[in-house]
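A.B. asks: So that we are looking at the same thing, I have put the structure below in structure tokens.
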Amino acid sequence: MSLVGALPFLKPRLSPSVSPGRQRRHTLPASEFRPLNTQDAISVFEIEKEAFISVSGDCPLHLDEVRHFLMLCPELSMGWFEEGRLVAFIIGSQWDQDRLTLLTDSFSKSGALYHITDALTLHKPKGSTVHIHVLAVHRTFRQQGKGPILMWRYLQYLRCLPYVRRAVLMCEDFLVPFYQKSGFKVQGRCSITVASLTFTEMQYPVRGHALMRRNSEAIGFPQTALLLEKQTQRFESVLLLEEPIQRSETALLLEEQTQRTEPEPADV
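The UniProt record's numbering puts the last residue of the sequence shown at 268; the count rises by one with no breaks.
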């Protein structure tokens, strides 16, 4: 074997002037977006429980349901990690109707009446709707704009998926303005109730671009995240630094910039 051919197999020789202790050590990325997996389930549930129990008295997803969706459709989840620590997340699943529906079956638990709902428990792989079950931010990272940033990034990611046509969610009335700033439109009262809680149903049209949809099978989640990095940084700077601009207006500005730089959407 020639010396050139053997070079890849040779062990690197340390420079005499640099000791092993002074070599750069591997560190976790300062900020990372990736799909969640079942190993993240406990961290997810702890954040969710702290965020929702004190406000609503219950969580959108219990621990077994978190694991359930992260096993069935991890690609429809997104976690935001800071130096390896989960700080915010979204969990979604596929649904096969335009609206979230309620079945007639119900059961009583601890004196409260609960309805069994397809949309809350099932993942419909052939559906073109993504049901966003929960968005939550760790308490020490709130009031920093992370919720809107993560939602914006998640919606941009959905535009890369060829089968997605819309995203839907159900929320309590006081959260409606928050989601409206991300581009969601009110569809009316949701047919799903949980105990005494009622919800507003909201929808976001996912207008995927022809180029992104055509190449979606070749684009994995990490690559897609890299493609969105510059757009996210621009969104963060506008969201956090330009206080007079309303977030809804910011979303519209970003939408106009995207339409000017990318081809017109087309159904495939």
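Note that CB positions come from ideal geometry on N, CA and C, so glycine has one too.
Give me the Cα-Cα distance between HIS123 and ARG142, rounded to the nearest whole angstrom.
C.D. replies: 30 angstroms
A.B. asks: Tell me the start and end of each unbroken beta strand (DSSP E) in the stretch 147-176 that is at least 3 residues and wholly inside, in chain order.
C.D. replies: 166-171
A.B. asks: Beta carbon of HIS131, beta carbon of TRP95: below 8 angstroms?
C.D. replies: Taking 8 angstroms as the Cβ cut-off, HIS131 and TRP95 qualify as a contacting pair.
A.B. asks: What does a CB cutoff of less than 6 angstroms around PHE184 pick up in its chain, not counting 5 residues either side in sequence?
C.D. replies: Taken in chain order, the residues that qualify are MET202, TYR204.
A.B. asks: Taking residue 269 as the reference, give the member of GLY188, ILE53, SER43, ASP98 with the closest Cα.
C.D. replies: Residue 269 is absent from the structure shown; the chain starts at 1 and stops at 268.
A.B. asks: Could you give the DSSP three-state label for LYS49: helix, strand or coil?
C.D. replies: In this structure, LYS49 counts as helix in the three-state DSSP scheme.
A.B. asks: Check each candidate in ALA167, ARG153, SER54, PHE199 and name the one with the smallest Cα separation from residue 277.
C.D. replies: Any answer about residue 277 is impossible in this case: the structure gives the chain only from 1 up to 268.
A.B. asks: May I have the straight-line CA-CA distance separating ARG34 from PRO125, to the nearest angstrom?
C.D. replies: 21 angstroms
A.B. asks: Let me make sure I understand the geometry here. Which of VAL134, LEU169, GLY127, LEU158 has the alpha-carbon closest to that of THR51?
C.D. replies: According to the sequence provided, residue 51 is Ala. The question's Thr does not apply to it. If we check each option's Cα against that of ALA51, VAL134 comes out closest.
A.B. asks: At which residues does the alpha helix (DSSP H) containing HIS68 begin and terminate?
C.D. replies: 63-72
A.B. asks: Output the boundary residues of the beta strand (DSSP E) element that contains THR129.
C.D. replies: 129-137
A.B. asks: Taking only three categories from DSSP, how would you classify VAL206?
C.D. replies: coil
A.B. asks: Let me confirm a value: SER77 is counted as buried when at least 16 other C-beta atoms fall within 10 Å, else exposed. Which label applies?
C.D. replies: Classification of SER77: buried, given that the 10 Å Cβ count is 16 or more.
A.B. asks: Taking only beta-carbon positions, decide if PRO125 is within less than 8 angstroms of chain C.
C.D. replies: Although the question refers to chain C, the structure presented lacks it and comprises just one protein chain.
A.B. asks: Check the DSSP bridge columns for PHE89 and list the partner residues they point to.
C.D. replies: GLY79, ALA136
A.B. asks: Comparing alpha-carbon positions, which option in ASP173, THR129, VAL137 lies nearest LEU155?
C.D. replies: THR129
A.B. asks: Within the same chain, show all residues whose beta-carbon is closer than 7 angstroms to that of PHE178, passing over the 5 residues directly before and after it, in chain order.
C.D. replies: none
A.B. asks: Thinking SER182 and MET151 are a contact (beta carbons under 8 angstroms), I'd like their distance in whole angstroms, please.
C.D. replies: 5 angstroms
A.B. asks: Cα-Cα, which of CYS59, PHE69, SER56, ILE53 is closest to GLN39?
C.D. replies: The shortest Cα separation from GLN39 among CYS59, PHE69, SER56, ILE53 belongs to PHE69.
A.B. asks: Spatial neighbours of ASN37 within its chain, please: C-beta separation below 7 angstroms, excluding the five flanking residues on both sides.
C.D. replies: LEU70, PRO74, listed in sequence order.
A.B. asks: If you run the structure through DSSP and keep just helix, strand and coil, what is LEU197?
C.D. replies: strand
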